[in-house]
Amino acid sequence: MGQPVTVRRVADIARRLPATAALLLVLLAVGVASTGLWTPLATSPLHETVAYGIPALEVGRWWTPLTGTFFVSTPWLYAPIIVGLSGMGYLEFRRGSRVALSYFAGGQLGAVLIASALLWPAALLPWPWAQEQAGALDVGPSPGVIACVAAAVSLLPSPWRLRAWTVLIAILSVTFLYWGSLNDLEHLIAVAIVLVVDRSLRPQRVPVREQRLIAFVAVCGLGAIDILTYLSPTTGPFGSSDPVSGSWVDVAVNTVIVLTVANGIRRGRRWAWVLLVLYGILNALLLLAVGLLVLIVGLGGVEGSLDLDLTISLASSATWVVALVYLVLVRAAFRARPKAVLGDAPAPSVDEVKAELRATGGGTLSWMTTWEGMSYARFGRGIVAFQRRSGVALALGDALGPDEARAATVRAFIERAENAGLAPCFFSAGEQTRAAVPEGWRSIVVADDTIIDLPGLQFTGKAWGAVRTSLNRAEREGMTFRLSRLADETWGVRQQLRAISESWVGDKGLPEMGFTLGTLHEAADPEVRIALAVSPAGDVDGFLSWLPIYGDGRVRGWTLDLMRRRDGGFGPVMEFLIGSSAQHFSAEGADVLSLSGAPLAHEYPVDAGAIADLQQRMAALLEPVYGFASLHRFKQKFHPRYETMYLLYRDEADLTRIGAALTRAFLPHATLRQFAAAGLDLVRPGK
């Protein structure tokens, strides 16, 4: 059964991508006919007849730019060419066969002819590399394939488009600079053609975060190249070198600099930028000095007098000068102050945040922003509550403040966080914040807020049978419902609540969670209300804590936080407490009751992506400890409506740090031993 399915799949792909499939078949057929699939073409007399280059054009073999396209010089090159054809296939899938063929043909023929036009006058100079390449012959479709890959890269979403272009140009440039052949020159020209003719490519403002990332990749690449070229031979425009030639001191210094400053560059640190700029200036001066000496006494005379092979040193200096130019152009990106206040100074106090909530209202999670451990960024009247964790500015919920200012507050927070070298993200944010983040940001559902509308609430009908039964049973068994504040309760009641909580925590193997889950400490806030279920004997069988939801200058609703029960107490105590609380708040005139969203309990589609996989793994590990999924199912008894809560982040490159930040935000006091005892394979990230 497997073979017919595979054949049908291949046939279906060929029908959808006819140009790519046809080119692949032609290459393979020519490879078989010419034996190029298993023997180098250079050993065949056919090579000079079909290969392109200046020598072929000089003797009148004008057809070679076309015929040479369908031959491959050595058998092993078929593998990378076939992989590269996937880029042509993607381009054809997105923009059609005609566009894909145009890029391939234009890139192939244009690169071959322009390379010949450039090398012909260059060979008249005393430049051994240009003279050697001007006399070389080449075959293969790689320039056209590279052109298609470049055009396909321009179709990627931001910011991956810029990153892919950076990697592509860097690889081709370095390959040309250190191991440059006629083929490498043609690859660079093919990419340049795409940059010139592709109208979909427009100069755009590169975000600060991307400027730093490009610099980080460039610095790491330069360090790796220095080591690689020291250990391997090079044959580029600067000349040839043998392995373990050049200055090992130069390589060692470059490596130490990379290891020292790479992470600082990624985080936008000024000291790292200054160090790299100074080193780039030294390389520029070296390049200038050697260039002047070469003009005076020639390369051989310079190498002989200094007893050095300057090939690698010159190439290395040239790449560092390119890096220097880039670093100077984006110098404003390297002013990060990670401990700086992200908003307008001074940052608001907790009392000011509470005052803003009372004045302008907030969402169902907004009162959690007043808990310990939160920092605040103020932008005018707008406020964002966040935590700094693992290089992430982890904002909780939506921005606070007047409705008309919240979108601008979100964008200002993102800009300030990135300038400070932090990765901004919003956890459990609503649709308003999702609409406010910059275009291209990713979002994924992390929870579904469970909302009960209180006006006219009646526990009638079959659907409310479980809640009605618990209320009736509580009445028969003499259970008492009391709604109060923790400070108003007697010492004995407070001790019972503490004992119930400590018993609950002791069974878990991990400390109580934080961030969006409170403790008795948060429940002691005078504005938080406590719902108690008291037995006829005076024992507290269970309790809830309710956080205020402000809106329109009043408390318009309440959010469920703590849920604790005494072992061996009244069976349906939670149904009794929530049902009684809903009735009481409805009678007071409240609009909504939020049972909150169980974190890590959302069911994701199969194609939800990497962050969904991360959260599902965390949920599977934490479910035996905290029971999020069972809690989510319990809340469905109250037939709530759902409001989606999102994790908002710039792109997938931040997911590792965001995962670490969420782990420490939810479990800030957990030790490695506690993680291991609970069966959690989590590495403790830095705060």
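When we follow the working numbering, the leftmost residue of the sequence shown carries the number 458, and every step to the right adds one. Just so you know, even glycine gets a beta-carbon here, dropped at the ideal spot from N, CA and C.
1. Output the distance between the C-alpha atoms of F1095 and F1123, rounded to the nearest integer angstrom.
2. DSSP beta-bridge partners for V902?
3. In the DSSP output, which residue or residues are listed as bridge partners for C677?
4. Helix, strand or coil: how does DSSP classify Q952 here?
5. Going by DSSP, what residue range makes up the beta strand (DSSP E) through L940?
6. Comparing alpha-carbon positions, which option in T524, T937, D906, M1020 lies nearest L1050?
7. State the DSSP-derived secondary structure class of L638, mapped to helix, strand or coil.
8. In angstroms, rounded to a whole number, what distance separates the CA positions of R873 and A852?
9. In terms of residues, what are the limits of the beta strand (DSSP E) holding S1206?
10. Just the C-alpha distance for L685 and T890, rounded to the nearest angstrom, thanks.
11. At the level of alpha carbons, what is the spacing between A990 and V997?
12. Return the residue from the list A877, G995, R466 that minimises the CA-CA distance to R939.
13. Could you check the C-alpha separation between L1112 and R1121 for me, to the nearest Å?
14. Which residues does DSSP list as the beta-bridge partners of W1015?
15. Can you tell me whether DSSP reads D808 as helix, strand or coil?
16. Near G761, what residues of its chain come up, given a Cβ to Cβ distance below 7 Å and the 5 sequence neighbours on each side ignored?
17. Rounded to whole angstroms, what's the CA-CA distance from I470 to Q590? Just pull it up for me.
18. Is the beta carbon of A476 sitting closer than 8 Å to the one on L581?
19. Considering only the beta carbon of each residue, do W728 and I722 sit closer than 8 Å?
20. Whose C-alpha, out of S501, V569, A988, is nearest the C-alpha of W519?
21. Which residue from R1021, W777, Q915, W636 puts its Cα closest to that of C677?
22. Give me the Cα-Cα distance between A572 and S847, rounded to the nearest whole angstrom.
23. From which residue to which residue does the alpha helix (DSSP H) around S573 run?
24. With DSSP as the reference, identify every bridge partner of C605, one or two as the case may be.
25. Are the CB atoms of I626 and V648 within a distance shorter than 8 Å?
26. Would you call the stretch 1014–1034 in contact with the stretch 951–958, where contact means no fewer than 3 C-beta pairs closer than 8 Å?
27. Tell me, to the nearest whole angstrom, how far the beta carbon of Y833 is from that of V810; I am working on the premise that it is less than 8 Å.
28. Does Q844 come out as helix, strand or coil in the three-state DSSP assignment?
29. Which one of T827, G1116, E505 has the shortest CA to CA distance from P983?
30. Using 8 Å as the threshold, is the C-beta distance between G693 and G637 below it?
31. Count the CB pairs spanning the stretch 875–886 and the stretch 907–924 that are closer than 8 Å, and state whether there are at least three.
32. Express the C-alpha separation of G949 and W1015 in angstroms, rounding to a whole number.
33. With DSSP as the reference, identify every bridge partner of V849, one or two as the case may be.
34. What's the gap between the Cα of L594 and the Cα of R724?
35. According to the Cβ coordinates, are L613 and S900 closer than 8 Å?
36. Rounded to the nearest angstrom, how far is the Cβ of S530 from that of V596, given a contact under 8 Å?
Concretely, from the data shown:
1. For F1095 and F1123, the distance between alpha carbons rounds to 27 Å.
2. The secondary-structure analysis by DSSP pairs V902 across a beta bridge with Y1103.
3. Under DSSP, no beta-bridge partner is assigned to C677.
4. Correct three-state label for Q952: helix.
5. For L940, the enclosing beta strand (DSSP E) begins and ends at 937–941.
6. Per the Cα distances, D906.
7. In the sequence under discussion, the amino acid at residue 638 is Ser, which differs from the Leu named in the question. Coil.
8. Near 13 Å, if we compare the C-alpha coordinates of A852 and R873.
9. One cannot answer for residue 1206 here, as it falls past the ends of the chain, which runs 458 to 1144.
10. If I take the Cα positions, the gap works out to 47 Å.
11. A990 and V997: Cα-Cα distance of roughly 6 Å.
12. Considering only alpha carbons, the answer is G995.
13. When rounded, the distance between both Cα atoms is 14 Å.
14. P1005, L1050, per the DSSP bridge assignment.
15. D808 falls in the helix class under three-state DSSP.
16. Reliability of the predicted coordinates at G761 is poor, the pLDDT of 47 falling under 50, and no value is obtained from them.
17. If you draw a straight line from the Cα of I470 to the Cα of Q590, it comes to about 39 Å.
18. No, the Cβ-Cβ distance between A476 and L581 is not below 8 Å.
19. With a cutoff of 8 Å on beta-carbon distance, W728 and I722 are scored as not near each other.
20. When each option's Cα is compared against that of W519, the closest is V569.
21. Of all alpha-carbon atoms in R1021, W777, Q915, W636, the one lying nearest the alpha-carbon of C677 is that of W777.
22. Whole-angstrom Cα-Cα distance: 49 Å.
23. Taken as a continuous stretch (DSSP letters only), the alpha helix (DSSP H) holding S573 covers 554–579.
24. Partner(s): none; C605 has no beta bridge.
25. Yes; because the gap between Cβ atoms is below 8 Å, this pair is in contact.
26. At 8 Å Cβ cutoff, the stretches touch.
27. About 6 Å separates the two Cβ atoms, so the contact holds.
28. Reduced to three states, the DSSP call for Q844 is strand.
29. Nearest neighbour of P983 by Cα position, chosen from T827, G1116, E505, turns out to be T827.
30. Yes, Cβ-Cβ distance for G693 and G637 is below 8 Å.
31. Output reads no: the stretch 907–924 does not touch the stretch 875–886.
32. Those two C-alpha atoms are separated by around 26 Å.
33. Residue pairing by DSSP places V849 opposite R846, A880 in a beta bridge.
34. Just so you know, the alpha carbons of L594 and R724 end up roughly 47 Å apart.
35. No, they are not a contact pair.
36. Contact flag correct, Cβ pair sits at about 5 Å.
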